[in-house]
Every structure is written in structure tokens, then in C-alpha cells.
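Chemist: Just dropping this structure here.
Residue numbers (this note's numbering), protein chains in the order written: chain A, 34 to 354; chain B, 34 to 354.
What follows is the structure, encoded as C-alpha cells:
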């Protein structure tokens with residue numbers, strides 16, 4: 034949680050003047066978003082999130098992300114919508130950074146997802162995959178196997194200081210992924226970061242999805258595997274197969290899994306754990322002591338990875354057959 | 034800027050249920066407030082700030098602060114209003130801390146106040162002083178001369194590491210204040226922290242005041258002296274007498290200064306600089322490296338103090354006569 038870029042009242046007022054949303058009434062930096070700076074804006078025209086894209090986001094990818102949010106909304110997925118300026122543009126610059134104004138989306142993320150949340154999430158993820166099928170943009174997943182290797186090599190020498198034997202363990206896993214990572218699975222646009230933080234509920238109803246800044250083109254089942262990691266482990270890191278079954282059946286009710294997807298699920302789930310293990314490890318080793326954002330513990334994902342390594346069939350994720 | 038206390042969605046929903054404000058729609062931690070944790074809440078009933086009072090605020094003082102905000106509003110001062118629960122109470126507990134729900138107040142603080150802002154601020158400060166005259170609460174100013182001495186003694190041994198000679202300089206000043214601090218000036222409720230952060234404007238109009246958590250009973254002219262320090266120095270720490278004149282004449286147009294107040298202004302301004310110098314020095318020395326809030330540089334207030342020490346008459350603050 035952080036406001037990385039401080040913007041003066043004059044800069045924000047002149048930014049807002051590029052849009053047809055009335056005068057600025059208030060602006061508060063919000064303590065969310067690990068990657069970007071977000072302000073909550075009220076104007077005479079409504080409520081908005083002003084996002085300044087920080088250096089971790091590649092500016093060249095922004096049209097893919099913002100275009101996707103609009104495309105998905107046309108396909109019936111509730112997600113934040115970029116506001117077009119008087120000049121038609123959704124991207125402009127503020128305080129030296131790319132910036133966009135996004136309509137505010139109401140909703141609360143759940144801290145401890147229950148079974149019903151997991152079922153709703155599964156169904157919405159499948160709807161997202163279907164709605165993205167005809168999205169013309171394409172973005173390669175930079176955080177797939179080759180990306181993990183690269184980040185791991187930068188962190189390798191210090192990894193054993195985080196957990197004994199971690200470097201060898203991860204190196205062995207990466208070798209496996211490089212040899213056995215599944216190909217040819219059904220693919221399209223995936224969210225790639227659909228943690229509970231990024232899913233809104235109002236009461237019991239799933240009201241919307243946010244934060245599309247890791248979206249890319251990859252296997253749909255890999256997105257499911259990310260969600261299994263993010264939604265179906267308890268605080269003590271035990272795997273809750275009841276929640277997993279709810280997520281999987283919620284998904285399959287909208288978009289049935291192929292045989293190949295079911296067979297690939299254990300390695301995809303193990304890879305999804307590696308994806309967060311490797312980035313968290315890197316951040317853990319490279320975040321300066323006084324940083325605004327405290328790095329998240331990578332070891333949680335090592336434990337998830339070990340669970341998935343023990344899985345021999347997709348039945349253990351609650352899938353029948 | 035910080036969210037010190039993390040509150041779960043369930044805790045917030047059950048907190049909100051104590052009020053007649055409809056269901057919760059969204060909740061974002063906001064990156065403001067050095068002392069407390071603030072969330073911005075949307076419910077079916079409107080927009081609110083949920084404040085959790087952290088350990089620097091004495092719980093016993095909260096009824097004074099919250100009652101004052103309601104009293105001032107009845108006297109025509111626009112400031113955030115605590116919301117009463119169904120049980121009538123404005124203070125309750127959340128996540129182990131005292132907490133209150135406050136109506137959201139629109140407005141933007143100005144980063145670089147101009148002369149017109151200073152004039153409006155002066156007039157509003159005088160209106161606040163008049164509106165507080167019949168407030169029945171009383172709170173001694175814990176951050177006056179005796180308080181400065183106590184904080185200084187806790188920081189003294191390390192002060193010279195911040196600026197050479199600082200310990201001796203501050204000790205000499207404190208001796209002076211202890212001997213010559215003015216008494217018998219007109220007094221009542223003062224805001225005591227009316228920095229530009231705490232004053233909202235919508236366009237050119239001063240739209241409200243916030244953050245009454247340092248309010249106390251003390252000399253009105255001392256509150257003016259705090260504002261001279263907070264509003265009338267440029268970024269290079271030069272004193273802008275034009276802004277000071279605007280602030281002083283704005284104030285005097287609503288509540289004329291007495292002769293004694295005018296005579297006391299230089300020492301009050303020097304003392305106001307000491308008040309922020311001493312707390313910033315303490316925080317500078319006692320904030321751990323990884324803290325969420327970065328301490329502010331105390332030396333800025335040493336330079337202000339030295340300016341006020343050079344002042345021989347209130348005319349140098351732009352007051353005629």
C-alpha cells in the first residue's frame with residue numbers, strides 16, 4: 034500500500050480539466066495497490082480512481098490493459114472503466130508518469146473467502162475467459178516459465194538465506210517446468226492475478242473484478258491454477274478441497290474443462306505457486322528496509338508448491354473423473 | 034501517510050451495522066493522517082471517514098474533540114461531523130481501538146498557499162475562535178512550554194547529531210520561554226495544528242477545516258502564530274510578509290487583536306516554531322527505519338525559529354501599528 038508519486042492539487046486540477054467530469058471536489062491518496070499510485074477523486078461528475086503507473090508497469094502494455102477493461106465490460110464483465118478525455122484519449126501523463134482516470138467501482142474484497150465466494154469466483158473467471166475470446170489485443174505472459182527462470186537467477190545466490198535448500202529446490206522445479214510445462218491447452222486472455230484483493234463482493238454477490246495490470250494471453254487453466262493457490266488455502270496453509278471443488282465446479286458450469294486441462298492441473302498449480310514464489314523471493318531480497326511497501330513472505334508459496342508437488346490427480350482439487 | 038490498523042471486511046461490516054447508514058458498498062484505506070488510521074467508506078447512506086485512533090491520541094480526549102466538531106458546526110464552521118450510532122454514541126471500538134465514523138467532507142488542501150488562501154484562512158481561524166467561546170469542554174495544551182521541555186529532554190543527547198549546536202540552542206530558547214512566555218492573553222479553544230493539509234478549498238473558496246485532534250484551550254494569538262509558521266514561509270524558508278499581512282488582516286477583520294496580543298506575537302511565533310521543532314526532532318530520532326511514516330525534517334523549524342528570533346515588532350508580520 035503506497036502513494037509513490039505525490040501530485041499537487043494544481044496538477045490534479047489541470048489533469049481533471051482534460052475530462053468532461055466537472056470540477057474537482059476532493060482527492061485522497063489510497064493505501065492500496067502494490068504496483069501503482071492511486072488517488073480517489075470526487076468531482077461534480079462522480080467518483081473516480083486516478084492511477085499513476087509506476088515503473089514496474091510497461092507503458093507499452095497500457096493500451097492492452099485499458100482496452101481489455103472496456104472489451105470485457107461490453108462482454109458483460111463488471112470491471113472499472115477508463116474515462117475518455119475530451120480528446121478521446123484514455124491515457125495521458127501526470128507528474129511524469131502515464132496516468133488514467135478510471136470510473137470508481139463499488140465493492141469490498143473478502144479477507145477470508147468462504148465456499149460460496151469460491152464458487153462465484155470460479156464462475157466469473159470462466160465468464161471472463163469467454164468474454165476475452167474475441168479481444169484483438171495480445172500480450173505474452175512475461176511471468177511464465179522463462180520469466181521465472183530469469184527472476185530466479187537474479188535471486189538464486191541469496192535464496193538459501195530465506196529458507197535452507199531453497200535455491201536447489203527451486204532450480205529443480207524450474208528444470209521440471211522447462212521440460213514438462215504443458216502446451217496446446219485452450220488459451221486466451223487471462224487475468225493472471227485474481228487474488229481475493231481483486232474481486233469485489235457487495236453482500237454475497239460478486240460485484241466486479243479489478244486490477245487487470247497482469248492480464249495476458251495464456252492457458253485458461255493456468256488462470257484457474259492461480260486462483261486455486263490464491264483462494265483455496267487456509268491461513269495455516271492447509272488446502273481446503275471443499276473450496277477448490279466449489280471454485281472448479283463454478284468454473285466448469287460456465288466453461289467445461291477439457292481432458293487435457295484436467296490432466297495438466299497439478300503441474301499448472303505447481304507452476305502458479307512458483308510464479309508467486311519467485312517474484313516474492315525477489316522482492317523479499319530487493320526491497321530496501323525503509324520502503325513504503327513491505328514485501329510479502331515468499332515461504333508461503335514454497336509451502337503451496339510442495340502441496341501441489343504431492344498431488345497426483347486433479348481429483349485432489351475436487352474435480353470428479 | 035499510513036494505515037496502521039488493518040480491519041477485516043467482516044469487522045467493518047459489523048461496525049457499520051451500528052449506524053443507520055445502509056449497507057457497506059466499499060472501503061479503502063487512505064494514505065493520510067500521520068496519527069490515526071483512516072478508511073474511506075461508501076454505504077447506501079453516503080460517504081464517510083472511519084477513523085481508528087492510534088496510540089498517540091489519548092482516548093480520554095476523544096469526547097472533547099468530537100464534541101468540539103459538533104459545537105463548531107452549530108456555530109457555522111464547516112468541519113467533519115461525527116455520525117451518531119443507533120444507540121446515540123459517536124465513539125465505539127473497532128479492532129481493539131477507539132473508532133468513530135465521520136461524515137465525509139469534500140475539499141482539497143492547497144500545496145502552495147497563495148495570498149488569498151492566507152486571508153481566507155485568517156478569517157476562518159478568527160471565526161473558529163469566536164465559535165468556540167461557549168464550548169463547555171476544556172483541554173489543557175499538552176504541547177505548550179512545559180511539554181516542549183519534557184520532549185526536548187528526551188531528545189537532547191542526540192540533538193547535535195541533527196544540527197551542530199542544536200541542543201544548546203534549544204535549551205537556551207526553552208529557558209527564555211519558561212521565563213517570558215506571555216500569560217493573560219485572550220484565550221479559548223484553538224485548533225493548534227491548522228496547517229494547509231487541514232484546510233480545504235473548493236476552487237478559491239475555503240470550504241472547511243479538518244483534524245481537530247490537537248485542539249485545546251490556549252491563547253488565540255498562539256493559534257495565529259502557528260498559522261504564521263505553517264502558511265507564510267516559502268519553500269526556501271524565506272518569510273513572505275505579504276501572505277502574513279493577508280492572514281493577519283483576514284483574522285483582525287473578524288476578531289481584532291488586543292494590544293497585548295500584538296506585543297506578544299514575536300515570542301508566540303518563536304514558541305510555535307519550537308513546538309514543531311521539538312516534536313519533529315523527537316520523531317526524527319525515534320522513528321524506526323522501516324516505519325510507515327517518514328519523519329519530517331526538524332531543521333525547517335529551527336530556521337523558522339531563528340527568523341522569529343530576529344523579529345523585533347509585530348509590524349514585521351505585516352501588522353500596522
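Note that CB positions come from ideal geometry on N, CA and C, so glycine has one too.
1) Which residues, taken in chain order from the region 259–274 of chain A, show a beta carbon closer than 9 Å to some beta carbon of chain B?
2) Are there three or more Cβ pairs, one per stretch, closer than 8 Å when the region 136–149 of chain A is compared with the region 204–219 of chain A?
3) Anything in chain B within Cβ reach of residue 143 of chain A, meaning under 8 Å, just list it in chain order.
4) Considering only the alpha carbon of each residue, which of A/250, A/273 and A/214 lies closest to residue 304 of chain A?
5) How close, in whole Å, do the beta carbons of residue 281 of chain A and residue 155 of chain A come, if the pair is a contact with beta carbons under 8 Å?
6) Let me see if you follow: with CB-CB separation under 9 Å, is residue 45 of chain A close to chain B or not?
7) Cβ closer than 7 Å: which chain B residues qualify as neighbours of residue 235 of chain A?
8) Could you name the residues of chain A that residue 75 of chain B contacts, counting a contact when the two beta carbons are closer than 7 Å?
9) Can you find the residues in the same chain that come closer than 8 Å, C-beta to C-beta, to residue 163 of chain B, ignoring five residues on each side of it along the sequence?
10) Could you give the distance in angstroms between the alpha-carbon of residue 45 of chain B and the alpha-carbon of residue 345 of chain B?
11) How big is the Cα-Cα spacing for residue 47 of chain B and residue 102 of chain B?
12) Take residue 160 of chain B as the anchor and find which of B/80, B/257 and B/343 has the nearest alpha-carbon.
13) Under 6 Å Cβ to Cβ from residue 191 of chain A, same chain only, skipping five residues before and after it: list those, please.
14) Which residues share a DSSP beta bridge with residue 132 of chain A?
15) List, from N- to C-terminal side, the alpha helix (DSSP H) runs of 4 residues or more that fit wholly inside the region 316–354 of chain A.
16) Could you name each continuous beta strand (DSSP E) segment of 3 residues or more that falls completely within the region 220–272 of chain B, going from the start of the chain to the end?
17) Over the uninterrupted beta strand (DSSP E) stretch that includes residue 73 of chain B, give me the two end residues.
18) How far does the beta strand (DSSP E) with residue 60 of chain A in it extend, from its first residue to its last?
19) Alpha carbon to alpha carbon, how far is residue 128 of chain B from residue 94 of chain B? Give it in angstroms, no decimals.
20) DSSP three-state call for residue 140 of chain A: helix, strand or coil?
21) Rounded C-beta distance between residue 97 of chain A and residue 172 of chain A? I'm assuming under 8 Å.
22) What did DSSP end up calling residue 115 of chain B once you bin it into helix, strand or coil?
23) By Cβ distance below 6 Å, which residues in the same chain neighbour residue 273 of chain A in space, the five residues on each side in sequence not counted?
24) So residue 61 of chain B packs on residue 148 of chain B, CB below 8 Å; how close in whole Å?
25) To the nearest angstrom, report how far apart residue 49 of chain B and residue 229 of chain A are at their CA atoms.
26) When the Cα of residue 153 of chain A is compared with those of A/87, A/316, A/283 and A/327, which residue comes out closest?
27) Find out if the Cβ-Cβ distance for the pair residue 150 of chain B, residue 232 of chain B is shorter than 9 Å.
28) Which of the three DSSP states, helix, strand or coil, is assigned to residue 205 of chain B?
29) Write down the C-beta distance between residue 126 of chain A and residue 133 of chain A rounded to the nearest angstrom, noting that I regard them as a contact closer than 8 Å.
30) Less than 9 Å separating the beta-carbons of residue 195 of chain A and residue 90 of chain A?
31) Give the straight-line distance between the Cα atoms of residue 130 of chain B and residue 340 of chain A, rounded to the nearest whole angstrom.
32) To the nearest angstrom, how far is it from the Cα of residue 185 of chain A to the Cα of residue 193 of chain A?
33) Would you kindly report the start and end of the unbroken alpha helix (DSSP H) that includes residue 149 of chain B?
Modeler: According to the structure shown:
1) none
2) no
3) 42
4) A/214
5) 6 Å
6) yes
7) 58
8) 139
9) 108, 287 and 288
10) 54 Å
11) 25 Å
12) B/257
13) 318
14) A/85 and A/125
15) 332–343
16) 220–223, 232–235, 238–242 and 249–252
17) 70–76
18) 57–63
19) 19 Å
20) strand
21) 5 Å
22) strand
23) 265 and 267
24) Their Cβ separation, rounded to whole angstroms, is 35 Å, which puts residue 61 of chain B and residue 148 of chain B out of contact at 8 Å.
25) 22 Å
26) A/283
27) yes
28) helix
29) Not confirmed; about 10 Å, so no contact.
30) no
31) 38 Å
32) 12 Å
33) 148–164
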